[in-house]
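Visitor: Under my numbering, the sequence shown has 1429 at position 194, and the numbering climbs by one with no breaks. Note that the Cβ used here is the ideal one computed from N, Cα and C, for glycine as well. Dropping the structure in here first, questions after.
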Amino acid sequence: MPASPITIGPVAFASHLPIALIAGPCQMESREHALEMAAALKDIAARRGIGLIYKTSFDKANRTSGQAPRGMGLEAALPVFAEIRDRLGLPCLTDVHEAAHCAAVAPVVDVLQIPAFLCRQTDLLLAAAATGRAVNVKKGQFLAPWDMKHVAAKITGAGNPRVLLTERGTSFGYNTLVSDMRGLPVMAEETGLPVIFDATHSVQQPGGQGGASGGQRQFVETLSRAAVAVGVAGLFIETHEDPDRAPSDGPNMVPLARFEALITRLQALDAVVKGWAA
1236 MPASPITIGP VAFASHLPIA LIAGPCQMES REHALEMAAA LKDIAARRGI
1286 GLIYKTSFDK ANRTSGQAPR GMGLEAALPV FAEIRDRLGL PCLTDVHEAA
1336 HCAAVAPVVD VLQIPAFLCR QTDLLLAAAA TGRAVNVKKG QFLAPWDMKH
1386 VAAKITGAGN PRVLLTERGT SFGYNTLVSD MRGLPVMAEE TGLPVIFDAT
1436 HSVQQPGGQG GASGGQRQFV ETLSRAAVAV GVAGLFIETH EDPDRAPSDG
1486 PNMVPLARFE ALITRLQALD AVVKGWAA
């Protein structure tokens, strides 16, 4: 039996439904930039008839270098998230890194995201669960797909069934990640939860530029096609109008100008795989 849909506002995630999106820039750079990106992605989603959760991070706490930009910070970002939801009607997602972040950010976002490096931090998972918001957990680069059932159980066992799991690649030697497409159905079968494929972090090269991570954005579509062919519930894709000038994760982000065409091709494949009319 397919996993029951997880519904976030008007967006539903399930392996038997058309793919939905989690998309946006890596970090919140400014109010103006966040609103511009959210509006542009909302327009694309409306034209394509695809569900969208707007993603951006108020703090990138796991940067390679301590000198790297981390984002606007919690206090400055809270009113921006509220404005995106109120003015544009978009559900929002952001990372949380500490248990105290959860209650603070929950009133202005719809999904709390647990970063991959923190996916086994029990206190953080329980604090996220307690908010009642949906929780998206990135699978750690160090975990097997079947290990995620224990991560998910911490949240669902705390009384919050609204859990998404996201694959973002597995560590392979130094500065390299690989994506095992077998892990996508394994995670879904082991947990009974919708599984998302993070196409842009899967092409990241952690620490690959010495003081910063590198990436191979030319393979985002290749891996996205493979994940859609497997039958995922959704895709996580970071995008930016000028990735080469972005403060973080530029090498693996999709240029905004190419985003709609990419989604159009992936929807066509999803329609074939799941048997719905594109």
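Let me know if Thr1401 comes out buried or exposed under the rule of 16 or more other beta-carbons within 10 Å of its beta-carbon.
Guide: Residue 1401 sits at position 166 when you count from the first residue of the sequence shown. The residue in question, Thr1401, is buried, as its Cβ has 16 or more Cβ neighbours within 10 Å.
Visitor: Given a threshold of 16 other Cβ atoms within 10 Å of its Cβ, counted over all protein chains shown, does Pro1486 qualify as buried or as exposed?
Guide: Against the sequence shown, residue 1486 aligns to sequence position 251. Buried is the call here.
Visitor: Since Ala1434 contacts Phe1471 with CB under 8 Å, what's their CB separation in whole angstroms?
Guide: Working through the sequence shown from its first residue, we reach residue 1434 at position 199. Working through the sequence shown from its first residue, we reach residue 1471 at position 236. Their Cβ separation, rounded to whole angstroms, is 7 Å, which keeps Ala1434 and Phe1471 in contact under 8 Å.
Visitor: Nearest to Pro1380 by alpha carbon, out of Ala1312, Cys1337, Asn1410 and Gly1427?
Guide: One-based indexing of the sequence shown puts residue 1380 at position 145. The shortest Cα separation from Pro1380 among Ala1312, Cys1337, Asn1410 and Gly1427 belongs to Gly1427.
Visitor: Which residues in the same chain have their Cβ closer than 6 Å to the Cβ of Ser1239, if we skip the five residues on either side of it in sequence?
Guide: Along the sequence shown, read from residue 1 onward, the residue named residue 1239 stands at position 4. The answer is none, since no qualifying residue turns up.
Visitor: Should Ser1265 be labelled buried (16 or more other beta-carbon atoms within 10 Å of its own) or exposed?
Guide: Counted from its first residue, the sequence shown places residue 1265 at position 30. Ser1265 is exposed by the Cβ-count criterion.
Visitor: If you check the beta carbons only, do Leu1276 and Leu1287 fall under 8 Å apart?
Guide: The residue given as residue 1276 occupies position 41 in the sequence shown. The residue given as residue 1287 occupies position 52 in the sequence shown. Yes; because the gap between Cβ atoms is below 8 Å, this pair is in contact.
Visitor: Can you look up Asp1479 in the DSSP assignment and give me helix, strand or coil?
Guide: One-based indexing of the sequence shown puts residue 1479 at position 244. Correct three-state label for Asp1479: helix.
Visitor: Between Leu1222 and Leu1325, what straight-line distance do the alpha-carbon atoms span, to the nearest angstrom?
Guide: The shown model of the chain, from 1236 to 1513, leaves out residue 1222, and the question about it has no answer.
Visitor: Using CA coordinates, which residue listed in Tyr1409, Lys1374 and Ala1334 is at the minimum distance from Val1430?
Guide: For the purposes of this step, residue 1430 is taken as the residue at position 195 of the sequence shown. Selected option, being the one with the closest Cα: Lys1374.
Visitor: Go ahead and pull the three-state DSSP assignment for Leu1428.
Guide: Taking the first residue of the sequence shown as 1, we reach residue 1428 at position 193. If DSSP states are grouped into helix, strand and coil, Leu1428 belongs with coil.
Visitor: Taking the C-alpha atoms as reference points, what is the distance between Val1398 and Pro1441?
Guide: Translated into the one-based positions of the sequence shown, residue 1398 becomes position 163. Translated into the one-based positions of the sequence shown, residue 1441 becomes position 206. Going by the C-alpha atoms only, they are around 26 Å apart.
Visitor: Using DSSP's beta-bridge definition, name the partner residues of Thr1474.
Guide: Here residue 1474 refers to the residue found at position 239 when the sequence shown is read from its first residue. The partner list for Thr1474 (beta bridge, DSSP) reads Val1489.
Visitor: Count Cβ pairs between the region 1322 to 1338 and the region 1348 to 1358 that sit closer than 8 Å; are there 3 or more?
Guide: yes
Visitor: Thinking just about the alpha-carbon of each residue, which of Ser1483, Gln1453 and Gly1466 is nearest to the one in Arg1493?
Guide: Stepping through the sequence shown from its first residue, residue 1493 is reached at position 258. Checking every option, the nearest Cα to that of Arg1493 belongs to Gln1453.
Visitor: According to DSSP, is Phe1293 helix, strand or coil?
Guide: Stepping through the sequence shown from its first residue, residue 1293 is reached at position 58. It is coil, neither helix nor strand.
Visitor: Looking only at its own chain, which residues have a Cβ that is under 6 Å from the Cβ of Lys1295, when we skip the five neighbours before and after it?
Guide: Numbered from 1 along the sequence shown, position 60 holds the residue referred to as residue 1295. Taken in chain order, the residues that qualify are Gln1262, Arg1305, Gly1306 and Ser1483.
Visitor: So Leu1256 packs on Ala1280, CB below 8 Å; how close in whole Å?
Guide: Sequence index remark: in the sequence shown, residue 1256 carries index 21 (1-based). Sequence index remark: in the sequence shown, residue 1280 carries index 45 (1-based). For a cut-off of 8 Å, the C-beta gap from Leu1256 to Ala1280 is around 7 Å, short enough to register as a contact.
Visitor: With distance defined between alpha-carbon atoms, name the residue in Ala1311, Val1343, Phe1432 and Phe1377 nearest to Ala1468.
Guide: Residue numbering aside, residue 1468 sits at position 233 when the sequence shown is read from its first letter. For Ala1468, the closest C-alpha among the options Ala1311, Val1343, Phe1432 and Phe1377 is that of Phe1432.
Visitor: What's the call for Val1507, buried or exposed, on a 16-neighbour Cβ count within 10 Å?
Guide: In the sequence shown, residue 1507 corresponds to position 272, counting from 1. Looking at its Cβ environment, which holds fewer than 16 other Cβ atoms inside 10 Å, Val1507 is exposed.
Visitor: Which one or two residues does DSSP pair with Ala1369 in a beta bridge?
Guide: Counted from its first residue, the sequence shown places residue 1369 at position 134. Note: Ala1369 sits in a beta bridge opposite Val1346.
Visitor: Please work out which residues of its chain come closer than 7 Å, Cβ to Cβ, to Leu1497, disregarding the five sequence neighbours upstream and downstream, and give them in chain order.
Guide: Here the question's residue 1497 lines up with position 262 in the sequence shown. Closer than 7 Å at Cβ, skipping near neighbours: Glu1456 and Val1489.
Visitor: Which residues does DSSP list as the beta-bridge partners of Asn1241?
Guide: Working through the sequence shown from its first residue, we reach residue 1241 at position 6. Checking the sequence shown, residue 1241 turns out to be Ile, not Asn. In DSSP, Ile1241 forms a bridge with Phe1248.
Visitor: Please name the residue in Ala1364, Asp1382 and Cys1354 whose C-alpha comes closest to that of Val1346.
Guide: Against the sequence shown, residue 1346 aligns to sequence position 111. If you compare the alpha carbons of Ala1364, Asp1382 and Cys1354 with that of Val1346, the shortest gap goes to Ala1364.
Visitor: Pull up the CB-CB distance for Ala1341 and Thr1366, whole angstroms please, since I reckon it's below 8 Å.
Guide: Here the question's residue 1341 lines up with position 106 in the sequence shown. Here the question's residue 1366 lines up with position 131 in the sequence shown. Contact holds; Cβ gap of about 4 Å.
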